[in-house]
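Note sheet for the following structure.
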Amino acid sequence: MAPRRWPDELATDELRLQQEFLQFLRQTAIDKIAGLTHALATAAPLATSPRTTGLGVIKHLTAMERHWISITAAGADLPSLWQGSPDPSWNLSDTDTPEAVIAAYQAEWTHSADALADKKPDDLAEDGQRTIRWILAHVNQETARHVGHLDLLRELADGEVGE
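Note that my numbering numbers the sequence shown so that position 130 is 833, with each residue one more than the last.
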């Protein structure tokens, strides 16, 4: 597992603080599937949620982050990974190994950093409907919610618990 760093407790820069919390949550998400075999990372142990797998959660987080930060906030010309119903971002393919899915998620972090490079919390997103502040708060809550799912999936996979 890679080391995580809590954000600065005396932070005064709101955007930086939100980005630091997001990075903390991202690393936590990756740590939750680190070391799992392909079989355990792709297992769907919840009968009522057959597409909810560790790798599926990470793929969904990748798609969600691209949609909200790169496309909605910054107007980046990137393909959506989140189009269709039901949401296809949870679906796994034969090429979705833990390494590949984690690498795609980490690559998305670079897109997000680029998208936010010149933004301020009060700036309107490119869609003109929300502020950057709102988008980052939403991405943080969505990521945190899914890290909770990963907590449960990891415990069911091999018994590992903890943050």
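Idealized CB from N, CA, C, for every residue including glycine. Given the structure is predicted, the values throughout are model-derived calculations rather than measurements.
Just measuring C-alpha positions, the residue of Val760, Leu859 and Asp825 sitting nearest Pro801 is Val760.
When only Cα atoms are considered, His770 and Ile736 end up about 23 Å apart. With 16 or more other Cβ atoms from the protein chains shown falling within 10 Å of its own Cβ, Arg857 counts as buried. Bridge partners of Thr834 according to DSSP: Leu827.
Under the three-state reduction of DSSP, Lys735 is assigned to helix. Taking 3 residues as the shortest admissible run, the region 769 to 809 contains no complete beta strand (DSSP E) segment at all. DSSP places Lys822 in the coil class of the three-state scheme, outside both helix and strand. Each of Thr740, Ala777 and Glu723 was checked against the Cα of Leu713, and the nearest Cα belongs to Glu723.
Contact check between the region 802 to 821 and the region 764 to 778: three or more CB pairs, one atom from each, fall below 8 Å, which counts as touching. Segment contact: the region 848 to 864 against the region 724 to 744, three or more CB-CB distances shorter than 8 Å; contact assigned. In chain order, Leu718 and Ile835 place their CB closer than 8 Å to the CB of Lys823, counting only its own chain and leaving out the 5 sequence neighbours on each side. In the three-state reduction of the DSSP assignment, Leu713 falls in the coil class.
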